[in-house]
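Student: Let me begin by handing over the structure; questions about it come next.
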Amino acid sequence: MRTKTIVSIVGARPQFIKAAPVSRALVSEFREVFIHTGQHYDYGMSEVFFSEMEMRPPDFNLGIGGGSHGEQTGRMLIEIEKILGEVKPECVLVYGDTNSTLAGALAAAKGQISLAHVEAGLRSFNRAMPEEINRVLTDHVSTLLFCPTDAAVENLAGEGITKGVHRVGDVMYDALLHNLKVAHGKSQIRQKLGLEEGKYALATVHRAANTDDRKRMSSILGALGRLSSPVVFPVHPRTRKMMQEWGISVASNILAIEPVGHFDMLMLQEGANCILTDSGGVQKEAYLVGVRCITLREETEWVETVSSGWNQLAGVDEQRIVDLFENWFPQEERKPLYGDGHSAEQIRDALSIMLK
Ligand code: UD1
Ligand code: UDP
């Protein structure tokens, strides 16, 4: 009988994707109550993932999107605390490093409820990144810390955290194995956009440090415009807003489209000749589908993608991005870096032991 309750807190696009396999694993042993903070709210940033991944609608949707970091996180904290008081779960589960993660973590910690963090231990060592603050604080109040990589375990040890740490692999790999199969049967995106496998690049940009800096954004788009392939560019709403504000347009080889559903995204990734991104999840997926990645940042949390030879940190240096795209073709063997595709079951089992 499922007597113990876990409250899972999600709010942003990558969290819906990560929560799906975990939720499928939890259902046999726990009652799971879903809180969606509403941080992402457009159909194409939120609902499409619930429907594609056949997740039931969230039990609570707080509708808290937009606003400053403090305001957003604070409003989420207030509402999550109320729900935790009503539901009285044995454990709260949070994902990644968004403001929704931190709000959930603080609400659990202050309510003296066990907290489990999926994707614990990741560090960019750049405190100017809002996500870095969210990760560090969440890890330091977590009871169970589910690390995707060895580097993550080492980062936690470096901060004195060794208790409750489990190296379980990456739930995004679980998700990818499940979703890619479905995507092959369902997605028509390449045909729809007239794209030939291996003959186009794929780009995503949404990091605040890039989108909110006109020079950096112009440099990235300048580089994409000089690539010798067409570039498919699903534009994050934050990025679209800033491009409009600054009146930045894109070169004719860039196909700027709305954010796509996850099945379409996986097919776009798999068929690309190169992925250029500042996204964390997309860097990993590039590695997993075997497509070279040029990361539009100076550092990454996913250091093993770089040391494996499949990811290059280009920052926003226009010439370096173009040179890498035209001349760099990794040949290294890809080793399994992110577990065995059964991270979600390992998470369930660790939760079962803790909540026994
Ligand atoms: C957030 C996370 C980031 C994560 C990303 C995933 C934080 C601090 N940042 O960044 O770590 O990588 O999600 O995509 O939590 N907007 C819309 N519609 C939406 C969602 C957003 O128009 O559905 C616009 C709004 O103007 C909003 C802005 O995008 O103010 C930024 O959204 P927000 O969730 O605050 O940050 P992201 O950049 O999406
Ligand atoms: N993604 C998607 N459609 C898009 C862009 C991204 O399905 O148009 C998926 C992508 O495949 C990955 C996740 O969203 O699984 C990454 O999320 P995002 O880049 O928004 O955030 P990050 O991983 O950087 O936190």
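The sequence shown begins at 163 in this note's numbering and counts up one residue at a time.
Even for Gly, the Cβ is constructed at its ideal location relative to N, Cα and C.
Fair warning: this is a prediction, and the values are worked out from it, not measured in the lab.
(1) Could you name the residues, in chain order, whose CB is less than 5 Å away from a heavy atom belonging to the ligand UDP?
(2) Output the distance between the C-alpha atoms of Gly273 and Ile245, rounded to the nearest integer angstrom.
(3) Hey, is Leu458's beta-carbon within less than 7 Å of any beta-carbon in chain D?
(4) Assuming contact is defined by CB atoms lying nearer than 7 Å, are Glu209 and Gly423 in contact in what I supplied?
(5) Can we say the stretch 461-468 touches the stretch 386-401, given the rule of at least three CB pairs closer than 8 Å?
(6) Leaving out five residues before and five after Pro251 in sequence, what residues of the same chain have Cβ atoms less than 7 Å from its Cβ?
(7) Anyone know if the C-beta pair for Thr324 and Thr439 falls short of 7 Å?
(8) Going by DSSP, name the residue or residues bridged to Asn223.
(9) Within the present structure, is the beta-carbon of Gln201 separated from the nearest heavy atom of the ligand UD1 by less than 6 Å?
(10) From the DSSP output, in three-state form, read off Phe395 for me.
(11) Does the contact criterion of 3 or more C-beta pairs under 8 Å hold for the stretch 331-349 versus the stretch 403-418?
(12) Would you mind stating whether Val397 and Ala418 have Cβ atoms separated by less than 7 Å?
(13) For Gly247, count neighbouring Cβ atoms within 10 angstroms of its own Cβ and tell me buried if that reaches 16, exposed if not.
(14) What span of residues does the alpha helix (DSSP H) with Ile456 cover, start to end?
(15) Does DSSP put Val315 in a helix, in a strand, or in coil?
Tutor: According to the data block:
(1) Arg175, Pro176, Ile179, Pro396, Pro421, Val422, His424, Met427, Ser441, Gly442 and Gly443
(2) Along the sequence shown, one-based indexing puts residue 273 at 111. Along the sequence shown, one-based indexing puts residue 245 at 83. Going by the C-alpha atoms only, they are around 11 Å apart.
(3) Within the model displayed, chain D is absent; a lone protein chain is all it includes.
(4) One-based indexing of the sequence shown puts residue 209 at position 47. One-based indexing of the sequence shown puts residue 423 at position 261. Cβ distance not < 7 Å, so Glu209 and Gly423 don't count as in contact.
(5) no
(6) As a first step, residue 251 is located in the sequence shown; it is residue number 89 there, counting from the start. The residues are Thr167, Ile168, Val169, Val195 and Ile275.
(7) The residue you call residue 324 lines up with position 162 of the sequence shown. The residue you call residue 439 lines up with position 277 of the sequence shown. Taking 7 Å as the Cβ cut-off, Thr324 and Thr439 do not qualify as a contacting pair.
(8) Taking the first residue of the sequence shown as position 1, residue 223 is located at position 61. Note: Asn223 sits in a beta bridge opposite His198.
(9) As a first step, residue 201 must be located in the sequence shown, where it is residue number 39. Yes; taking the cut-off as 6 Å, the Cβ of Gln201 has a heavy atom of the ligand UD1 nearer than that.
(10) The residue you call residue 395 lines up with position 233 of the sequence shown. Reduced to three states, the DSSP call for Phe395 is strand.
(11) no
(12) On the sequence shown, residue 397 is found 235 positions in, with the first residue counted as 1. On the sequence shown, residue 418 is found 256 positions in, with the first residue counted as 1. Contact flag set, yes.
(13) Along the sequence shown, one-based indexing puts residue 247 at 85. Exposed, because fewer than 16 other Cβ atoms sit within 10 Å of the Cβ of Gly247.
(14) If you number the sequence shown from 1, residue 456 lands on position 294. Here Ile456 belongs to no alpha helix (DSSP H); instead the beta strand (DSSP E) covers Cys455 to Thr457.
(15) By 1-based counting over the sequence shown, the position of residue 315 is 153. Looking at Val315 - three-state DSSP - the assignment turns out to be helix.
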